[in-house]
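Protein chains in written order, with the numbering used here: chain E, 632 to 893; chain X, 18 to 206.
Glycine is no exception: its CB is placed at the ideal position from the N, C-alpha and C atoms.
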C-alpha cells in the first residue's frame, strides 16, 4: 500500500470492512438456551466462582453473619461444620439442624389477619400475590415490623398437612432479595439444596429436615427466619420481594405452584 | 438497525417474566452484532461465537437488573465485549483481526470495476492490518461506529462512558489508526 489514505477513504474502507464482517449465520439460540440451562443447573457455589474476585465485601459480611449466627443459634454455631460460600448466600452445613418452631397450635400465625390479598397489599405496601395452583387461601396474616405477609392454605388436595402447623402449605412474602442481600441458611445432613429455573431467574429448593435461614432486610439488618413447616421449601425473588413456599411437595410441584403466582 | 427499540423493550419485559422464547428472539436478533463485537476483540471467529454465547447467557441472568426503558442493544454489547475481553486476557494474547473473514464475505457492491475492486481490497487489507495494531479500546470504538453503526448514545452505553466523550474517543482512535497506517505507508514507500 504505497499511497496514503485520506480521511474519506479511511472511513469508506472501514464501512466496507463492516459490511463484510457479517457475524455468525448460525442460529445461536439453541446453544445459548443450553448454556442458560447449564448455568441454572450448577450448584450455587460453582456459579459464585464466576464473581469470586468481587467477593471481598461478602467475605466481610460472612464474618458478620458468623458472629450473628453464634449469637442467634449458639448450638448451631458450636456444631458448625464445613462452610460453603455461595452467590450472595452463605450456607452453614451443620451435623444437626435447629429444630423448627416448637409444635405450635394449628393456625397460629403472627400478625393481623386480613380478609383479602388486596387488604394485605394495602397494609404491607406491596402487591401481595397468591399462587392460583393452591386455590383460595384459608387465611392471610400481615406483620408490619418487619413487613411480612403469610398466606395460609389449611388443606390442599394432594398436599399432606404439616404436623408442625396443621396446614398444607404456607406462602410468605417479604422485602429483601436473595441475590443482592445476604442470606445464611443452616442446613443439616438430611437437607438437600437445588437451584432450579423459575421465571427469568433461579429459585432454591430445600428439601428434607426443618431449617432456619437468615436474610438481610431492605434496611440492611440481618433477620433470622424459622421455617414453619417441617416440609420442603422453595425460595425465590421477584423484584424487591422474596417469596417462600413451604409445603410437602416435590421440586417440580413447588416450581409449578410458584409459577402460578397471580 | 437490527431491531426497533420498542420491540426490544417488549421482548425484554417478556423475558424478564420468564418467557425464554422471547429471549430467544432477542438472541437471534442480535447474534450477528454480538459475534461481530466479540470478534473485534478476540480476533478469532470461533472464540468470538463462544464469547457471544456466554455473553447472551450472562445477560439473561442479569435481566432482572436491566433498567426498564433503557436500550437493550448497547447493554448487551457491553456484556458481550466484557466476556470477549476476559477470554482474550485469559488466553494472554493480543487480538489479531483475521483478514480472511472480512475478505471472504461479499459486500454486495458490484458497481466497482476490477481495478477499483482490487484497490478496495488492498485498502481493506491495509486498514485491517493497522486495526490489528490498535489498542483494544480504540478498535472497539471504531468498530461500534463503522462496523455496527451504533448511534452516539448507544456507543456511550456500550462503552460505559459519558455521551459527551464518545466523539473525542472516536476522533482519537481514528487519529491513532491514521498514525499507524501512515507509518506503514512510510515503511512501504
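query: Nearest-angstrom Cβ-Cβ length linking residue 865 of chain E and residue 800 of chain E, presumed shorter than 8 Å; result: The Cβ separation is near 11 Å, so there is no contact.
query: Local Cβ density within 10 Å of residue 756 of chain E, reported as buried at 16 or more and exposed below that; result: exposed
query: Candidates X:29, X:47, X:88, X:30, of which the one nearest residue 72 of chain X by Cα; result: X:47
query: Residue 893 of chain E versus residue 37 of chain X: straight-line alpha-carbon distance, rounded; result: 19 Å
query: Which residues DSSP lists as bridging residue 832 of chain E, in chain order; result: E:829
query: Stretch-stretch touch, CB-based, cutoff 8 Å, three pairs: the segment 163-173 of chain X with the segment 656-667 of chain E; result: no
query: Outcome for residue 637 of chain E when other beta-carbon atoms lying within 10 angstroms are tallied against a minimum of 16; result: exposed
query: Residue nearest to residue 182 of chain X in terms of C-alpha spacing, selected from X:105, X:34, X:170; result: X:170
query: From E:873, E:872, E:830, E:825, residue whose alpha carbon lies closest to that of residue 881 of chain E; result: E:825
query: Residue 129 of chain X and residue 194 of chain X closer than 8 Å at C-beta; result: no
query: Classification of residue 34 of chain X by the beta-carbon crowding that lies within 10 angstroms, buried from 16 upward; result: exposed
query: Strand pairing of residue 779 of chain E, partner residues [DSSP]; result: E:774, E:805
query: Classification of residue 806 of chain E by the beta-carbon crowding that lies within 10 angstroms, buried from 16 upward; result: buried
query: CB of residue 69 of chain X within 8 Å of CB of residue 97 of chain X, strictly; result: yes
query: Distance between residue 762 of chain E and residue 80 of chain X (C-alpha atoms, nearest Å); result: 23 Å
query: One or two residues paired with residue 892 of chain E in a DSSP bridge; result: E:762
query: Run of the alpha helix (DSSP H) containing residue 48 of chain X, from where it starts to where it stops; result: 37-59
query: Within 8 Å, strictly: CB atoms of residue 885 of chain E and residue 878 of chain E; result: yes
query: Interface residues of chain X facing residue 663 of chain E [CB-CB closer than 7 Å]; result: 44, 70, 73, 74
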